[in-house]
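K.L.:
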Ligand code: URA
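Numbering (the numbering used here), first residue to last: 6 to 438.
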């Protein structure tokens with residue numbers, strides 16, 4: 006086979022065979038195919054897309070480029086969740102213990118964040134002593150004992166995706182639904198879960214800007230998951246304003262604890278309960294999502310979900326005093342209010358602008374080498390649909406910096422106001438199950 010012939014085939018929109026796609030991925034992973042040929046191939050995919058069969062072949066080839074985690078030593082049906090990422094998205098911190106409190110094994114490998122705020126691992130590391138690197142034996146043992154462990158990615162999962170993603174990032178080929186779908190699904194499939202619940206977000210603060218694009222991506226991922234033998238469900242959810250109130254690592258852990266205590270923000274609690282209901286049904290621990298929802302809500306009310314979070318933190322070396330008293334978590338030296346300069350209804354809160362403002366405070370990384378300031382961030386005080394009087398507090402900035410002028414201006418810019426009443430936005434637009 007010659008790479009030039011395969012590039013040409015894709016450029017003429019002729020379907021590639023599974024063998025051809027495997028050859029490309031193997032060759033690129035082994036560094037036999039140079040970046041310039043791979044870039045050209047990727048650009049042809051951006052323009053011509055991929056058929057369903059090609060997407061599955063690409064995903065499988067990327068899965069097979071590295072280790073596939075064997076979770077068979079964990080009893081029960083393992084269900085994982087993946088979010089395409091959003092501002093204030095701390096759902097994994099709540100979902101893990103909540104679903105585990107229903108007896109569903111949650112063996113989760115998470116990532117760090119690049120951009121607005123940290124990823125799940127960074128947020129967990131705001132708890133003193135929390136170990137997020139366990140070897141596979143301890144990981145499996147912990148899940149069998151307490152049903153929950155969240156760790157950093159171990160082993161060599163889908164290395165082809167790692168190389169391809171780095172190349173896409175610098176060749177203008179990230180925005181391709183087949184490439185995004187196979188990239189995400191290759192990592193999820195290699196991580197070994199039997200069932201996968203996807204939260205595909207769209208809007209200003211998300212990867213997908215429109216509902217239509219998010220739907221195409223969600224359908225592609227559900228089909229890949231099913232064809233690869235994993236039960237897969239995808240949610241389409243709004244990211245036109247941050248989720249919950251808190252943006253920033255320890256601030257999000259605090260909000261997660263509040264939610265596990267049954268006192269979380271309504272949008273966050275609802276999304277978590279809905280996602281968790283599907284995870285519980287995929288794990289065959291409830292007959293349907295309505296039943297699961299009622300049982301899960303009770304776990305938030307009766308403290309069992311919070312207890313599971315404490316068990317998990319203790320098992321991974323974290324300080325549970327900080328869970329019992331979240332004021333002991335890292336905090337910023339200064340809390341500043343951002344005051345509304347006009348009266349009206351909040352029409353929109355640009356999640357991307359809020360995310361960037363949080364990153365400027367030090368809550369996220371602009372480059373992989375940056376360190377995160379765990380205690381800083383933003384806590385919204387007004388959400389879309391609320392009425393605001395001039396002089397009310399729109400949000401609070403938690404900062405360790407001397408000058409917050411720029412961040413205050415960013416937050417003012419993120420809030421769009423109108424004189425007419427505004428409905429609260431829909432949170433869940435569709436569930437592809
Ligand atoms: N996240 C991924 O893991 N891969 C993509 O291609 C885009 C987002």
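A virtual CB, placed ideally from N, CA and C, is assigned to each residue, including glycine.
#1: Could you tell me whether the stretch 221 to 229 touches the stretch 183 to 201, where touching means 3 or more Cβ pairs closer than 8 Å?
#2: Could you check which residue in 90, 295, 108 and 394 has the C-alpha nearest to that of residue 116?
#3: For residue 213, which option in 238, 233, 256 and 186 has the closest C-alpha, if you only look at C-alpha atoms?
#4: Sorry if obvious, but does the Cβ on residue 189 come closer than 8 Å to a heavy atom of ligand 1?
#5: Taking Cβ to Cβ, would you say residue 272 is nearer than 9 Å to residue 337?
#6: I'd like to confirm the pairing. Which residues does DSSP put opposite residue 213 in its beta bridges?
#7: Rank 384, 387, 256 and 410 by C-alpha distance to the C-alpha of residue 131 and give the top, closest one.
#8: Any idea what DSSP makes of residue 7, helix, strand or coil?
#9: When the Cβ atoms of the stretch 150 to 168 are set against those of the stretch 348 to 359, are three or more pairs found closer than 8 Å?
#10: Considering only the beta carbon of each residue, do residue 314 and residue 261 sit closer than 9 Å?
#11: For residue 43 and residue 373, what's the separation of their Cα atoms in angstroms?
#12: Between the C-alpha atoms of residue 137 and residue 179, what's the straight-line distance to the nearest angstrom?
#13: With distances taken Cα to Cα, identify the nearest neighbour of residue 399 among 342, 390 and 76.
#14: Apart from the five residues on each side of it in sequence, which residues of its chain come closer than 8 Å, Cβ to Cβ, to residue 289?
#15: Sorry if obvious, but does the Cβ on residue 61 come closer than 8 Å to a heavy atom of ligand 1?
#16: Do you know whose CA, among 99, 287, 75 and 146, lies nearest residue 328's CA?
#17: What whole-angstrom Cβ distance do residue 195 and residue 74 have, given they're in contact under 8 Å?
#18: What are the boundary residues of the alpha helix (DSSP H) that residue 382 is part of?
#19: Got a sec? Which residues, its chain only, sit under 6 Å from residue 63 by beta carbon, not counting five neighbours each side?
#20: Leaving out the 5 sequence neighbours to the left and right, which residues in its chain are closer than 6 Å to residue 287 when beta-carbon positions are compared?
#21: Hey, would you say residue 245 sits closer than 9 Å to residue 219, going by beta carbons?
#22: Quick one, which of 415, 97 and 57 has its alpha-carbon nearest residue 233's?
#23: What residue range does the alpha helix (DSSP H) around residue 25 cover?
#24: Pull up the distance between the alpha-carbon of residue 265 and that of residue 258, whole angstroms please.
#25: Which one of 424, 409 and 172 has the shortest CA to CA distance from residue 393?
#26: Using only CA atoms, which one of 362, 211 and 387 lies nearest to residue 427?
#27: First and last residue of the alpha helix (DSSP H) that includes residue 412?
#28: Grouping DSSP H, G and I as helix and E and B as strand, with all else coil, what is residue 85?
#29: Mapping DSSP to helix, strand and coil, what is residue 59?
#30: Using a 10 Å radius around the Cβ and a threshold of 16 neighbouring Cβ atoms, would you call residue 321 buried or exposed?
#31: Among all the DSSP beta bridges, which residues are the ones paired with residue 340?
#32: Are there any heavy atoms of ligand 1 lying less than 8 Å away from the beta-carbon of residue 214, as far as the coordinates show?
#33: Could you check whether the Cβ of residue 173 sits closer than 8 Å to any heavy atom belonging to ligand 1?
#34: Exposed or buried, what is residue 52 when buried is set at 16 or more other beta-carbons lying within 10 Å of its beta-carbon?
#35: Quick check on DSSP: helix, strand or coil for residue 353?
#36: What do you get for residue 418, buried or exposed, if any count of 16 or more other CB atoms within 10 angstroms of its CB means buried?
P.N.:
Reading it off the structure:
#1: yes
#2: As a first step, residue 116 is located in the chain shown; it is residue number 111 there, counting from the start. Nearest C-alpha to residue 116: 90.
#3: Within the chain shown, numbered from 1, the residue matching residue 213 stands at position 208. Of the candidates 238, 233, 256 and 186, the one whose C-alpha sits nearest the C-alpha of residue 213 is 186.
#4: As a working note, residue 189 is residue 184 in the chain shown. Within the cutoff, so yes.
#5: In the chain shown, the residue the question calls residue 272 occupies position 267. In the chain shown, the residue the question calls residue 337 occupies position 332. The answer is no: Cβ separation not under 9 Å.
#6: For the purposes of this step, residue 213 is taken as residue 208 along the chain shown, with counting starting at 1. Looking at the DSSP output, residue 213 bridges to 207.
#7: Position 126 of the chain shown, counted from the first residue, corresponds to residue 131. Checked all of 384, 387, 256 and 410; the closest Cα to residue 131 is 256.
#8: Translated into positions along the chain shown, residue 7 becomes position 2. Residue 7 falls in the coil class under three-state DSSP.
#9: Counting Cβ pairs under 8 Å, fewer than three are found: no touch.
#10: Residue 314 sits at position 309 when you count from the first residue of the chain shown. Residue 261 sits at position 256 when you count from the first residue of the chain shown. Contact: yes.
#11: The residue you call residue 43 lines up with position 38 of the chain shown. The residue you call residue 373 lines up with position 368 of the chain shown. Between residue 43 and residue 373, the C-alpha separation is close to 24 Å.
#12: Walking along the chain shown from the start, residue 137 turns up at place 132. Walking along the chain shown from the start, residue 179 turns up at place 174. The straight-line gap from Cα to Cα measures roughly 29 Å.
#13: Here residue 399 refers to the residue found at position 394 of the chain shown. Measuring from the Cα of residue 399, the nearest candidate turns out to be 342.
#14: Against the chain shown, residue 289 aligns to sequence position 284. Contacts found: 82.
#15: For the purposes of this step, residue 61 is identified with residue 56 of the chain shown, where counting begins at 1. No, Cβ of residue 61 sits at least 8 Å from all heavy atoms of ligand 1.
#16: Within the chain shown, residue 328 is the residue found at index 323, counting from 1. The shortest C-alpha to C-alpha distance from residue 328 to any of 99, 287, 75 and 146 is the one to 99.
#17: Against the chain shown, residue 195 aligns to sequence position 190. Against the chain shown, residue 74 aligns to sequence position 69. Right, the Cβ-Cβ distance comes to about 6 Å (below 8 Å), so this counts as a contact.
#18: Along the chain shown, read from residue 1 onward, the residue named residue 382 stands at position 377. Taken as a continuous stretch (DSSP letters only), residue 382 belongs to no alpha helix (DSSP H), being part of the beta strand (DSSP E) at 382 to 385.
#19: Mapped onto the chain shown, residue 63 falls at position 58. Taken in chain order, the residues that qualify are 26 and 187.
#20: Mapped onto the chain shown, residue 287 falls at position 282. For residue 287, where only same-chain residues beyond five positions count, the Cβ hits under 6 Å are 84, 200 and 236.
#21: Reading the chain shown from its first residue, position 240 is the one you call residue 245. Reading the chain shown from its first residue, position 214 is the one you call residue 219. Taking 9 Å as the Cβ cut-off, residue 245 and residue 219 do not qualify as a contacting pair.
#22: Numbered from its first residue, the chain shown carries residue 233 at position 228. Of the listed residues, the one whose Cα sits closest to residue 233 is 57.
#23: If you number the chain shown from 1, residue 25 lands on position 20. Unbroken alpha helix (DSSP H) run through residue 25: 23 to 34.
#24: The count along the chain shown starts at 1 and reaches residue 265 at position 260. The count along the chain shown starts at 1 and reaches residue 258 at position 253. In a straight line, the C-alpha of residue 265 is about 10 Å away from that of residue 258.
#25: Position 388 of the chain shown, counted from the first residue, corresponds to residue 393. Selected option, being the one with the closest Cα: 424.
#26: The residue labelled residue 427 in the question sits at position 422 within the chain shown. Residue 427 has its Cα closest to that of 387, out of 362, 211 and 387.
#27: Position 407 of the chain shown holds residue 412. Start and end: 410 to 419.
#28: To locate residue 85, count along the chain shown from 1; it is residue 80. In the structure shown, residue 85 falls within a strand segment according to DSSP collapsed to helix, strand and coil.
#29: Taking the first residue of the chain shown as position 1, residue 59 is located at position 54. The answer is helix: DSSP assigns residue 59 an H, G or I state.
#30: Taking the chain shown and counting its residues from 1, one reaches residue 321 at position 316. The residue is buried, with at least 16 neighbouring Cβ atoms inside 10 Å.
#31: The residue you call residue 340 lines up with position 335 of the chain shown. According to DSSP, which records beta bridges pairwise, residue 340 is partnered with 403.
#32: The residue you call residue 214 lines up with position 209 of the chain shown. No - ligand 1 has no heavy atom lying nearer than 8 Å to the Cβ of residue 214.
#33: Here residue 173 refers to the residue found at position 168 when the chain shown is read from its first residue. Within 8 Å of the C-beta of residue 173 there is at least one heavy atom belonging to ligand 1.
#34: Residue 52 sits at position 47 when you count from the first residue of the chain shown. Label assigned to residue 52: exposed.
#35: For the purposes of this step, residue 353 is identified with residue 348 of the chain shown, where counting begins at 1. Strand at residue 353.
#36: Counted from its first residue, the chain shown places residue 418 at position 413. With fewer than 16 Cβ atoms within 10 Å of its Cβ, residue 418 is classed as exposed.
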